[in-house]
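Protein chains in written order, with our numbering: chain A, 1 to 153; chain B, 1001 to 1153. Just so it is clear, CB atoms sit at the ideal spot from N, CA and C, and this is done for glycine as well. These numbers come from a predicted model, not from an experiment. Written out below as structure tokens is the structure these notes cover.
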DNA sequence: ATGCAATAGTTGCAATTGCAAGCGATTATA
DNA sequence: TATAATCGCTTGCAATTGCAACTATTGCAT
């Protein structure tokens, strides 16, 4: 049970976040299965709209996955009629990705289900705690993404 | 940018945790690559010792992945001489999984690297904030795992 | 202007993972 | 104690993902 290396506080914290993520992701997976979406597909749909659209690379950058993953995930979504690729008017290399009406409807349905499940799970903390948690996480996220950017520079 | 469904507070919080996890996981991946381990492999090694060992199924349950994933992940670790399967004396169906000396050394090396990276990243919060965060996350984790258990019942 | 590096996206390939079926061992039930 | 249900683990198969290589386009530096 006890490893020879003493775990640090930060390590414990990281472990906590990891455990929680695993639990949340597992819950997400079950909920989203009802609308036949994987968590990653849902993340992509969440980032789209029906008007201007987004470029594939931008989405990949936000989700920290390689371009080819987005390409093929979008292939699937498009085959299901949920999104539509359209040429970017400003850059002939790029594609803009749009939600179709059907995609919008499914996305909203998924969000309703997902939000209800998340609400229930986050309800384990009272509102004051949720507020606290949110502030801490926002600070952490800001720092982490900044660090990531400077790493990539 | 703005979706037609108003995002709830809980939803925002979930999004934060998700984003942070993605960032942390990306960081983990880079660090662990230096010792040629995937995050999941590292998670498994972290849960092992050199004495009694753990059963494969128990590890899978903790990491919320199916048994076959553990089977094959252990196949790889064993092929690299990091772990060893040994029959469970109490149950002839089961295998107990042990760290080899080499596995122990690598695990400790990985933990040193990983901890240093985590320490640096969690250092974005001051000690008081880390303390706060830890308390909140522990409460959340406890609630979530309890919920998971009752789901599976 | 011209050539060279960087960028957007796609494709081939290998590795990882989940699901379902299967096999031996164990526990529960009658 | 016989039989059925469950459990621990493995294997076949399909799906998802990352990496590297490639094409087409853009932008920068001369």
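Exposed or buried, which one is residue i when buried takes at least 16 other CB atoms within 10 Å?
i                      : result
residue 19 (chain A)   : buried
residue 1149 (chain B) : exposed
residue 1024 (chain B) : buried
residue 1123 (chain B) : exposed
residue 1066 (chain B) : exposed
residue 91 (chain A)   : exposed
residue 151 (chain A)  : exposed
residue 41 (chain A)   : buried
residue 1064 (chain B) : exposed
residue 1043 (chain B) : buried
residue 1117 (chain B) : buried
residue 10 (chain A)   : buried
residue 1093 (chain B) : exposed
residue 76 (chain A)   : exposed
Assuming residue i contacts residue j (C-beta within less than 8 Å), just tell me the rounded distance between them.
i                      : j                      : result
residue 1082 (chain B) : residue 1071 (chain B) : Going by Cβ atoms, the distance from residue 1082 (chain B) to residue 1071 (chain B) rounds to 15 Å, so no, they are not a contact pair.
residue 102 (chain A)  : residue 86 (chain A)   : Residue 102 (chain A) to residue 86 (chain A), Cβ: 16 Å. No contact.
residue 1115 (chain B) : residue 8 (chain A)    : 5 Å
Any C-beta of chain A sitting closer than 8 Å to the C-beta of residue i?
i                      : result
residue 1020 (chain B) : yes
Using a Cβ cut-off of 7 Å, pull out every chain B residue sitting near residue i, in sequence order please.
i                    : result
residue 14 (chain A) : 1024, 1118 and 1122
residue 11 (chain A) : 1115 and 1118
Compare the C-beta of residue i against all C-beta atoms of chain B and say whether one is closer than 8 Å.
i                     : result
residue 143 (chain A) : yes
residue 34 (chain A)  : no
residue 4 (chain A)   : Because residue 4 (chain A) sits at a pLDDT of 49, beneath the cut-off of 50, its placement in the model cannot be relied upon, and the following sentence gives the value as read from the coordinates. Chain B contact via Cβ: present.
residue 1 (chain A)   : For residue 1 (chain A), the predicted structure reports a pLDDT of 45, less than 50, and the residue's modelled location is therefore unreliable. A value from the coordinates is still provided. It does; some Cβ of chain B falls within 8 Å.
Given that residue i touches chain B, what residues does it touch there, using C-beta distances under 8 Å?
i                     : result
residue 134 (chain A) : 1009, 1012, 1013 and 1016
List, in order along the chain, the chain A residues whose C-beta lies closer than 9 Å to that of residue i?
i                      : result
residue 1139 (chain B) : 124, 125 and 129
Which bits of chain A does residue i rub up against, with CB to CB less than 7 Å?
i                      : result
residue 1064 (chain B) : 22 and 26
Work out the CA separation of residue j and residue i for me, nearest whole Å.
i                      : j                      : result
residue 105 (chain A)  : residue 1088 (chain B) : 52 Å
residue 1144 (chain B) : residue 26 (chain A)   : 11 Å
residue 80 (chain A)   : residue 1129 (chain B) : 45 Å
residue 1120 (chain B) : residue 14 (chain A)   : 11 Å
residue 110 (chain A)  : residue 139 (chain A)  : 28 Å
residue 59 (chain A)   : residue 52 (chain A)   : 14 Å
residue 191 (chain A)  : residue 1078 (chain B) : Chain A is shown from 1 up to 153; residue 191 (chain A) falls before or after that span and cannot be answered.
residue 12 (chain A)   : residue 1135 (chain B) : 11 Å
residue 61 (chain A)   : residue 48 (chain A)   : 14 Å
residue 1108 (chain B) : residue 1073 (chain B) : 19 Å
residue 146 (chain A)  : residue 1069 (chain B) : 34 Å
residue 137 (chain A)  : residue 113 (chain A)  : 24 Å
residue 155 (chain A)  : residue 1050 (chain B) : Beyond the ends of chain A as shown, which are 1 and 153, falls residue 155 (chain A); an answer cannot be given.
residue 22 (chain A)   : residue 142 (chain A)  : 22 Å
residue 33 (chain A)   : residue 39 (chain A)   : 9 Å
residue 46 (chain A)   : residue 1132 (chain B) : 30 Å
residue 1084 (chain B) : residue 1031 (chain B) : 25 Å
residue 1100 (chain B) : residue 1017 (chain B) : 35 Å
residue 54 (chain A)   : residue 1098 (chain B) : 48 Å
So residue i contacts chain B; which residues on that side make the cut at Cβ distance below 9 Å?
i                     : result
residue 147 (chain A) : 1023, 1027, 1120, 1121 and 1124
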